[in-house]
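> In order, the protein sequences belong to chains B and P. Take the first sequence: its position 482, counted from the start at 1, is 482 in UniProt numbering, and no numbers get skipped. Take the second sequence: its position 10, counted from the start at 1, is 10 in UniProt numbering, and no numbers get skipped.
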Amino acid sequence: MFTGGKSFVSLPPAFSNDAKRLLVCTGNTVSIFSTSTGLQTCELEGHEAQVTSVIVVPATNPTSKVLCYCWTSSLDGKIRYWDFAAPELMKTIDIRFRIHSMVIPSLLHPRNDSTGKLPDLYAYISTEDVKQEGKPSSFGIQKCNLTKSRIVGGVTLAETRKPGHVTISPSGKYIGTCEKRKLRIWEIPAKDSEHVGYKKVRLHHTRSITTMAFHPTERVVAAGDVTGRILLWRGVGRETFSNSKSSNGRMNTDGEDRPGVRDTDDADSCTTWHWHSSEVNVLFFSSDGAYLYSGGKEGVLVVWQLDTGKKKFLPRIGSPLLYFINSPDPTLSSISCADNQIQLLRMPSMEILRSISGIKLPSSHMDMYEGFGSVVVFNPTAGLIAVPAENYRVQFYSLFDDREISQVQICERNHQPGDEITVKVNLVALSRDGSTMCTVETRLPEEGIGSLVTLKFWVCGSQKKQVSLSTVIYEPHRDAEISCIAFRPTGNMAVSSSHGGDFKVWVHRHELTPKDETVQRSGWKCHAVGSYKKKPMSTAAFSSDGSVLAVAADKVITLWDPDRNTLLAVIGDSLEPITNLTFIGKSEYLVSASASRGSKSSNPQLTVWSMSKLCVAWSYRLDIEAITCSMDDSTFAVLARSKPNGSADESSQHAEDMILLFNAEKAVPLSVWFVSKAQGGGLSFVSSDEDKVSGTKATDEVLAYINGAREYVLLNPHSEQDISRQRGFTNLDDTDTHGYASVYGELPEFSLKADQTAFPSMPSGKTWKGIFSGPSHALPPLPKLCSDFLESLLERRSGVVE
Amino acid sequence: MAESFPVKPKLRPTSSKLTPTPEAKYWRSFKIPKDIETTPSKSFTFPINSIAFSPTAPHDFVATHSASVSIFSAKTLEPKPPISSFSDTAAAVSFRCDGKLLAAGDLTGTVHVFDAKSRSHLRRLKGHAAAVRSVNYPRAADKLHLFSGGDDSVVKYWDVTTEKCVFNLLGHKDYVRCGDTSPISDEMFVSGSYDHRVRVWDVRVSNSGSVLELNHEKPVESVIYLPSGGLIATAGGNFVKIWDVIGGGKLLYSMESHIKTVTALCMGKVTRGSGEEEEGNRILSVALDGYMKVFNYAKLKITHSMRFLEPLLSVGFSPDCSTRVIGTSKGNLYIGRRKAKVESEEVGVTNLQWKIVDDEPGRKVLRPSYFRYFQRGQNLKPSEGDYLIKRPKKVKMAEFDKLLKKFRHREALVAALNKRNPEIVVAVMEELVARRKLMKCVSNLDMEELGLLLAFLQKYSTMPRYAGLLTRLANKVVESRAEDIRSSDQLRNCIRNLKRDVEEEIRIQQSLLEIQGIISPMLMIAARR
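#1: Going along chain P, which residues have a C-beta under 7 Å from V472(B)?
#2: Taking C-alpha atoms, which residue in G268(P), V270(P), G249(P) and F239(P) lies nearest to K260(P)?
#3: Kindly list the residues whose CB is nearer than 8 Å to the CB of A67(P), restricted to its own chain and excluding five residues on each side of it in sequence; keep chain order.
#4: Which word fits F313(B), buried or exposed, when buried means at least 16 other C-beta atoms lie within 10 angstroms of its C-beta?
#5: Say whether the region 521-540 of chain B touches the region 549-569 of chain B, bearing in mind that this needs 3 or more beta-carbon pairs closer than 8 Å, one atom from each stretch.
#6: I'd like to know whether the C-beta atoms of Y198(B) and L157(B) end up nearer to each other than 8 Å.
#7: Quick check on residue 546(P) - is its C-beta less than 8 Å from some C-beta in chain B?
#8: Put N49(P) into one of helix, strand or coil per three-state DSSP.
#9: Put E279(B) into one of helix, strand or coil per three-state DSSP.
#10: If contacts are defined as beta-carbon pairs under 8 Å, then residue 862(B) and S294(B) qualify, I think. What distance do you get, rounded to the angstrom?
#11: Mapping the DSSP letters down to three states, classify N215(P) as helix, strand or coil.
#12: Per DSSP, what kind of secondary structure is D180(P) in: helix, strand or coil?
#13: What's the gap between the Cα of G164(B) and the Cα of D419(B)?
#14: Buried or exposed for N421(P), please, with buried defined as at least 16 other CB atoms from any protein chain shown within 10 angstroms of its CB.
#15: Please say whether E701(B) and F685(B) have beta carbons closer to each other than 8 Å?
#16: Going by DSSP, what residues sit across from A235(P) in a beta bridge?
#17: Give the residues of chain D in contact with T422(B), contact being defined as C-beta atoms less than 9 Å apart.
#18: What alpha helix (DSSP H) runs, 4 residues minimum, are completely inside the region 190-234 of chain B?
#19: Take Q142(B) and list the residues in its own chain whose beta-carbon comes closer than 7 Å to its own, dropping the five residues that flank it on each side.
#20: Report yes or no: is there a C-beta of chain P within less than 8 Å of the C-beta of R413(B)?
#21: Between which residues of its own chain and T737(B) is the CB-CB distance below 6 Å, once the five residues before and five after are set aside?
#22: What residues in the region 433-447 of chain B bring their beta carbon closer than 8 Å to a beta carbon of chain P?
#23: Sorted by chain position, which residues of the same chain lie with C-beta nearer than 7 Å to V270(P)'s C-beta, five sequence neighbours on each side aside?
#24: For a contact defined as C-beta to C-beta under 8 Å, what are the partners of E430(P) on chain B?
#25: Mind listing the chain B neighbours of residue 539(P)? Cutoff is C-beta to C-beta under 7 Å, in chain order.
#26: Quick check on the burial criterion: 16 or more other C-beta atoms within 10 angstroms. Buried or exposed for M524(P)?
#27: For chain B, is any of its Cβ atoms less than 8 Å away from the one on M267(P)?
#28: Taking the CB atoms as reference points, tell me whether D501(P) and Q458(P) lie closer together than 8 Å.
#29: Would DSSP call V478(P) helix, strand or coil?
#30: Applying the 10 Å Cβ sphere with the 16-neighbour rule, what's the burial state of A370(P)?
#31: State the start and end residues of the unbroken beta strand (DSSP E) segment that holds F97(B).
#32: At 7 Å on the CB atoms, spell out the chain B contacts of M439(P), in chain order.
#33: How close, in whole Å, do the beta carbons of V425(P) and F456(P) come, if the pair is a contact with beta carbons under 8 Å?
#34: Count the other CB atoms, across all protein chains shown, that sit within 10 Å of the CB of Y474(B); report buried if there are 16 or more and exposed otherwise.
#35: Give a yes or no on whether 8 Å exceeds the smallest Cβ distance from L453(P) to chain B.
#36: Give a yes or no on whether the minimum CB-CB distance between K476(P) and chain B is below 8 Å.
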């Protein structure tokens, strides 16, 4: 199974000890990215369900920095131990509970056992005990002996009603979890064993707490709530943790001594900071404990100076923040954003170095507006998908490589997460050869004024690297919204249909200036306008040879000659408006799907029309989400949504949607796949690349299905054989040179002639700036400084270093 | 990621015209000079039949209209008092090769010779039985003779000093309406006639009739020698033909781009300022369709075409390439002049002098006690191998952009309104719509600003480009601020104006609809056929 498009931001990632790798949980696997290039280097495969945590074994001394071991836990109830440099599975522990979160405190404090014998390693896991059907499953925090591979019986720290995320302090002394309006904190004894008592503290608040963080050295706990407040408890557990003899009941309850602390909470003081306007997702103390990083829905990273409460900002990240972690290298840290992107930051200056991005997720607001079908668009020949994102961009993503190719800014606006959507890129279309892109953006009116629909044609360069704007058309169908754009397969023509009752045919014109001038003007012009009885045009399609244009006018299909703009025929009369229309390859069939979009229609229909007889060949009563046809033969595939009250033969409960593969001549499906989350999904035949996908011939097409959550899978439509992936991971070491070359670049070819010319030199002031920016107590480590320092002393040959 | 986008007005459709070629730029640079107050142009009431430039500097030119001939000064482009000693309409005019004498023919058949400077009448050559439409002095060196062609279909070769006709060149069977002398030989003459024939004459062999006869296939309106003397161009009907005279009268090319009769031809020249390409000779042709076309006969291609509003009758181009004159049938004279480049030369001279001063020996060595020490090297140019560190360019932001960035929406709208550029105002309004703040802004405007907005709406809300947004906005403004408007006289005035404009627009729309109603059935019928 070739899957991809997993979320990179479901969990906080983890840096390796040398900060050269970043471990990201991607669905059932852990992907390892190089921080210097942002490309994936390898993958840890083995878990059968969602990975829920990844913990890198920290280095205890400088020599062990090169060791690459990590622990992972998963919802399949297993804890695995990996050597991720190889990558190799070392150990598997079966817990048989679903694990939602795991922390291993004893990894964090160095074990200086004089006996030489390593003590047992204990993990604290947030588990879910799935009981019989019908009963709610119970959650709890349990202790697990990793050395002996078993759960420590009888130790359940907490019973909760929801799966809690366990937070651990950087020193490993405390673990905590937030549940609704309270925090629970446990002290982990320095000598952990199976039978040991735990001291615990509860802190209360009036609002639901969303996240918490521990100070690295002091007993300070920070928590963020849903209203955007940050609470900072100092001296937490002074009574409980330091003096074991005094009980909670005898605590000093004098309000003046402990400002801000609720009744019997064990803390010295509680301060509240309020800057965020909505819930706080990120809280993180810097490693020296002087700063607190916070972030939330606004997409702004706020750095609080802990003593003074002064703020510094990294604004316009463009998406809600989810996690912030720093690396063992103090100059590198990462932010995970909600738009499936991980940004790597250079630290004291907080510049974004590079970003690792997955497929952009659909906007949460997109369902709010009717006709804003922002679906994924496929480029079948190149194996690319174009995804309209919330930040007015279109992202090109390679299906076979499973990585982002580029992003194109469609309209010149900045996106502010959390704002009401007023401008939206709602349609994207790619021509078959991928050379032209067409986008439609809509500005929504304010109290009925100022709405604008803009149609833009773009010219794409090779590999989607450069995309340039070719033509802008304002209000192409007056103020009516565009329902569909289709490109003619033979090129240089496009059609846009609108709900306003007409369609326009656009042609590409070149205007060649006299030959002595190189300037060439080209653009798209309206070639023809057509309408049929003023009915709303919902979709359009060209036949594969480009000679016939089919436009769906409400419940009928009109066939046109696109060159002369004459109506050839009108066929069909379905019960519901037609939503989808495709000519099937080079065969004489046309397939249409009809359903009233948005509501559960009573009469959805999938119909195959014979073009030679202009009548129905066969039809099904199916609710169709997407149709695709193969380019050459007469097979086509549909993505059908089964309704909840559907017939019983659609057996499996969890997969209620299905992909059906048909031959146009026969009504019996060739194959069926059951899938989930089909709403908003897409389907396309993609011509497979022999180098990347084994198990198919080069001429074969594979079926790509992307679901509503923007995860995709490639299926082999013609045989049972699965498509295995042969992913070309980039080698980490290729990009990472050592020693002399890392500092000065490759030595140039030595030649006597070159020496006679004047030696061009440039001052390398930038390195100095980079070394000493930021607080003086957070200097980078000496090995890192040394190379930078030497580099700054030497003049760099501009021609050599790239 | 953290970039800011300035508010930009919507793109306008670009005209389908190409960017002007250097040649088109050159021909367009002939403009009515600003410093001469007689714009639009010299106008007379009668058709300008003929234009001629003096071959000597400063290249005065002369135009015939009605029964008079006007000489224009090349410097000021002002007409001197006209010579009007004609008894009938003057039809043709020509300068002698030294520019001192001027000959003009009139419709009575007389050729008059004047002194170009004093405008005194010197000779009267009588002999033509009908109107003289073609008078030409030889162009090379001969100062004593003159060619003339008349409606009596005779071409005469005159000895001017004795007022005697030396030869009658016979052969044409219809009116001779045009002629030209060879630029290299004083004895060669070409004449064109309404019998469709063009004849080349050589006075050395005058007895045997014409040397060469060409058939233009239409009444010939104009004929010129090209500078080489080996080619001639003839105009007649709506085409211009180019012939090789030396090669035995072979037709080289026929240019058919005018729609109506081509009335006159003249030689033009393209000078390139940069000197990348040598000067190119062009044929300028004017026609009754109002077009002037520039024809590059080396590449056989029309390089420029220019439209005038009236039928054109005559054209002239000064030998120093500074002035172009076109005469029309309505008596207008379109004089175009290129800007002289004298000033730039002067600048060059001054630079040179300054350099000499700069290189004066014995300059003081600057010391830190002197203020110039701290200013030294500021004007130093970087040398070849220097590594340049550029200061990052400061992004200029308009006032409304700055205010929008600070979320001061009302102030941004007012700032845009004060700019008085409707495109920008509409762009700011659209940005405010995208921020859902436009109606808030409108409700926050104070009286004065509301007046500004209403004045803007009155002016532009009926313009088709902005009407979509502005008419609806006007409606909203009037609805939401009705109280305030009622309370102020000035605002009520604005509303009255707005109402008037809107009513006017509605009337226009209705009449347009009526026209559409008339036209659409006709179109339907036409489509059915």
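Every residue, glycine too, gets a C-beta built ideally from N, C-alpha and C.
Concretely, from the data shown:
#1: Within 7 Å Cβ-Cβ: L11.
#2: The option with the nearest alpha carbon to K260(P) is F239(P).
#3: If we look at A67(P) and ignore the five residues flanking it on each side, its Cβ neighbours are S84, F86, S87, D88, T89, A90 and D106.
#4: By the neighbour-count criterion, in which 16 or more other beta carbons inside 10 Å mark a residue as buried, F313(B) falls on the exposed side.
#5: Verdict: yes, contact present.
#6: By the CB criterion at 8 Å, Y198(B) and L157(B) fall inside the cutoff.
#7: An answer regarding residue 546(P) cannot be provided, because it is not within the stretch 1 to 529 covered by chain P.
#8: Strand.
#9: Reduced to three states, the DSSP call for E279(B) is coil.
#10: This structure cannot settle anything about residue 862(B), because the visible part of chain B is limited to 1 through 802.
#11: Looking at N215(P) - three-state DSSP - the assignment turns out to be strand.
#12: Three-state DSSP puts D180(P) in a strand.
#13: Across the structure, G164(B) and D419(B) are spaced so that their CA atoms are roughly 30 Å apart.
#14: With fewer than 16 other Cβ atoms within 10 Å, it is exposed.
#15: Contact flag set, yes.
#16: S222(P) and V240(P), per the DSSP bridge assignment.
#17: Any reference to chain D falls outside this structure, whose protein chains are B and P.
#18: Within the region 190-234 of chain B, not a single complete alpha helix (DSSP H) segment reaches 4 residues in length.
#19: Correct list, in chain order: I125, T127, I151, V155 and T156.
#20: For R413(B), the answer is yes, since a Cβ of chain P falls inside 8 Å of its Cβ.
#21: Its pLDDT being 48, under 50, T737(B) is placed unreliably in this model, and the coordinates cannot settle the point.
#22: From the region 433-447 of chain B, only R443, P445, E446 and E447 have a Cβ closer than 8 Å to chain P.
#23: The residues E23, Y26, E279, G280 and R282, in chain order, have a CB closer than 7 Å to that of V270(P) in the same chain once the five nearest residues on each side in sequence are set aside.
#24: Chain B residues near E430(P): R443, G450 and L452.
#25: No answer is possible for residue 539(P): the residues shown for chain P start at 1 and end at 529.
#26: Per the 10 Å Cβ criterion, exposed.
#27: Not one chain B Cβ lies under 8 Å of M267(P).
#28: Yes, Cβ-Cβ distance for D501(P) and Q458(P) is below 8 Å.
#29: DSSP places V478(P) in helix when its eight states are reduced to three.
#30: The sequence given here places Tyr at residue 370(P); Ala does not occur at that position. Flag for Y370(P) reads exposed.
#31: Per DSSP, F97(B) lies in no beta strand (DSSP E) and is assigned neither H nor E.
#32: Chain B residues near M439(P): E446 and E447.
#33: Confirmed, Cβ separation roughly 6 Å.
#34: Exposed, by the Cβ-count rule.
#35: With 8 Å as the cut-off, L453(P) does not count as an interface residue toward chain B.
#36: Using beta-carbon distances, K476(P) counts as an interface residue toward chain B, with a partner under 8 Å.
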